[in-house]
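**Q** Residue numbers (our numbering): 267 to 637.
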Ligand SMILES: Nc1ncnc2c1ncn2[C@@H]1O[C@H](COP(=O)(O)OP(=O)(O)OP(=O)(O)O)[C@@H](O)[C@H]1O
Ligand SMILES: [Mg+2]
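#1: By alpha-carbon positions, which one of 620, 402 and 361 ends up nearest to residue 305?
#2: Counting only the same chain and skipping the five closest in sequence on each side, list residues whose C-beta sits under 7 Å from that of residue 618.
#3: Over what stretch of residues does the alpha helix (DSSP H) that includes residue 365 continue unbroken?
#4: Distance check for residue 481 and residue 475, CA to CA, integer angstroms please.
#5: Leaving aside the five residues before and after residue 535 along the sequence, list all residues of the same chain whose C-beta is less than 7 Å from its C-beta, in chain order.
#6: Counting only the same chain and skipping the five closest in sequence on each side, list residues whose C-beta sits under 8 Å from that of residue 545.
#7: Can you tell me where the beta strand (DSSP E) holding residue 353 begins and where it ends?
#8: Pull up the CB-CB distance for residue 389 and residue 284, whole angstroms please, since I reckon it's below 8 Å.
#9: Using 8 Å as the cut-off, can you tell me whether the segment 318 to 330 makes contact with the segment 359 to 373, which would need three or more C-beta pairs spanning the two stretches below that distance?
#10: Thinking residue 515 and residue 549 are a contact (beta carbons under 8 Å), I'd like their distance in whole angstroms, please.
#11: What are the start and end residues of each continuous alpha helix (DSSP H) run of 4 or more residues lying completely inside the segment 553 to 629, in chain order?
#12: My assumption, with CB atoms under 8 Å, is that residue 383 sits in contact with residue 362. Please give the rounded CB distance.
#13: Specify the secondary structure class of residue 635 as computed by DSSP and reduced to three states.
#14: What's the C-alpha gap between residue 282 and residue 288?
#15: For residue 585, which option in 320, 609 and 595 has the closest C-alpha, if you only look at C-alpha atoms?
#16: Listed by chain order, which residues have C-beta atoms less than 5 Å from any heavy atom of ligand 2?
#17: Cα-Cα, which of 414, 295 and 561 is closest to residue 279?
#18: Looking at ligand 1, does it come within less than 6 Å of residue 599, judged from the CB to the closest heavy atom?
#19: Check whether the Cβ of residue 595 lies closer than 6 Å to any heavy atom of ligand 1, and answer yes or no.
#20: Taking C-beta to C-beta, are residue 560 and residue 587 nearer than 7 Å?
#21: So, does the segment 431 to 442 touch the segment 294 to 301, judging by three or more C-beta pairs under 8 Å?
#22: Measuring CB to CB, does residue 428 end up less than 7 Å from residue 391?
#23: For residue 411 and residue 444, I'd like the C-alpha separation in whole angstroms.
#24: By a C-beta neighbour count over all protein chains shown, 10 Å radius and 16 as the cutoff for buried, is residue 533 buried or exposed?
#25: Expressed to the nearest angstrom, what Euclidean distance is found between the alpha-carbon atoms of residue 688 and residue 558?
#26: Ligand 1 and residue 522: does the residue's C-beta get closer than 6 Å to at least one heavy atom of that ligand?
#27: If contacts are defined as beta-carbon pairs under 8 Å, then residue 325 and residue 318 qualify, I think. What distance do you get, rounded to the angstrom?
#28: So the candidates are 599, 582, 628 and 597; which of them puts its Cα closest to the Cα of residue 564?
#29: Under three-state DSSP, which class holds residue 384?
#30: At the level of alpha carbons, what is the spacing between residue 312 and residue 496?
#31: The alpha helix (DSSP H) spanning residue 401 covers which residue range?
#32: Can you tell me whether residue 337 is buried or exposed? The criterion is at least 16 other CB atoms within 10 Å of its CB, across all chains shown.
#33: How would you label residue 511, buried or exposed, when you count the other beta carbons within 10 angstroms and need 16 or more for buried?
#34: When DSSP labels each residue in this structure, what does residue 314 get in the three-state scheme?
#35: Can you give me the start and stop residues for the alpha helix (DSSP H) that residue 334 sits inside?
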């Protein structure tokens, strides 16, 4: 009867190796885990993984076992010309008792520690050679069963690399979806701005024989320019490091100023609690919430006074807009796009929106977000 390829101990170690390699979160971690488990499985003193670029040369070289200061002395990583290229050319595993005796060996650069025995196998991802796993310096040389173990590890590694690539692609999809959501927000914001400009032009139309007409049209056009500028800033600000530098007070004051520009209602902004260093993820949600509730009050309420409050409590952030205007019957009117967006935004963040209004009593829109 033929000897089994792996002993029960080998199988247990391979399963452990598979768990380590498959458990890595990032591609680099996967590659490092492959090198480490290869060394563990065989007892090699050194291990490395070369990722193939074009023309069979190594575009990345991950290695273990050589102390960092020695690595610095050795200089640039190998390109895969000598023995390291042999595996790529052959497309199969190579096991050599003494590196120096091999015809493909080109020798080591200065400061490189001596390495004697060698074992290398290709790692395939979906039929293509992705790279090679190299192990060197096992005492007494590598055995046939080491080769079998490392070949099994290479198969596990290939599927782990494919997985890591897939999950990276899925993350990219998630980012694209996030972008789409932001684009939708931008769209909403633009509608509000253009609406305000439209009102300005409307008022102008009623006084068409006024001598100041040219100046007012210029003002209105200026507003359009500002909208474009604010849109640009919006997109620019999507870059995370910039979010971190922004100041919510200033942004809200700017927003309220620009929204209230064409209305007679008096707008008041209040800040309560420590609102100056809010988590980034909330920062970009506050502006559209205020924009919607404030512009609703300006456009629909005919209010004398509107108060928007940003309040930070221990576990919650409250964004409240109160107006003393006409109010409306929530049951009868229902939600438009604006209020619906606002509710969705709040619940997406694990919070909620409460809208209270009555004809003649004014409207309160209160959004509560968990911190
Ligand atoms: N503060 C308010 N005072 C009076 N009526 C309001 C107020 N807020 C909302 N409404 C009424 O509720 C309706 C729905 O509001 P919502 O913001 O959802 O839509 P909209 O403002 O009409 O449209 P959009 O927000 O898409 O531009 C409004 O059309 C208006 O009749
Ligand atoms: Mg609205």
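A virtual CB, placed ideally from N, CA and C, is assigned to each residue, including glycine.
**A** This is what the structure holds:
#1: 402
#2: 612 and 634
#3: Taken as a continuous stretch (DSSP letters only), residue 365 belongs to no alpha helix (DSSP H), as it is neither H nor E.
#4: 13 Å
#5: 518, 519, 522 and 574
#6: 637
#7: Element bounds for residue 353: not the beta strand (DSSP E) but the alpha helix (DSSP H), 349 to 356.
#8: Actually they are not in contact, since the Cβ atoms of residue 389 and residue 284 sit about 14 Å apart, beyond 8 Å.
#9: no
#10: Between residue 549 and residue 515 the Cβ distance is about 12 Å, and since that is not below 8 Å, they are no contact.
#11: 596 to 599 and 603 to 614
#12: 7 Å
#13: strand
#14: 10 Å
#15: 609
#16: 562 and 604
#17: 414
#18: yes
#19: no
#20: yes
#21: no
#22: yes
#23: 49 Å
#24: buried
#25: Past the edges of the chain, shown from 267 to 637, lies residue 688, and the structure says nothing about it.
#26: no
#27: 7 Å
#28: 628
#29: strand
#30: 56 Å
#31: Counting along the chain, residue 401 falls outside any alpha helix (DSSP H), though it belongs to the beta strand (DSSP E) covering 394 to 402.
#32: exposed
#33: Bear in mind that a pLDDT of 48 at residue 511, under 50, signals an unreliable position, so the model cannot answer this.
#34: strand
#35: 334 to 340
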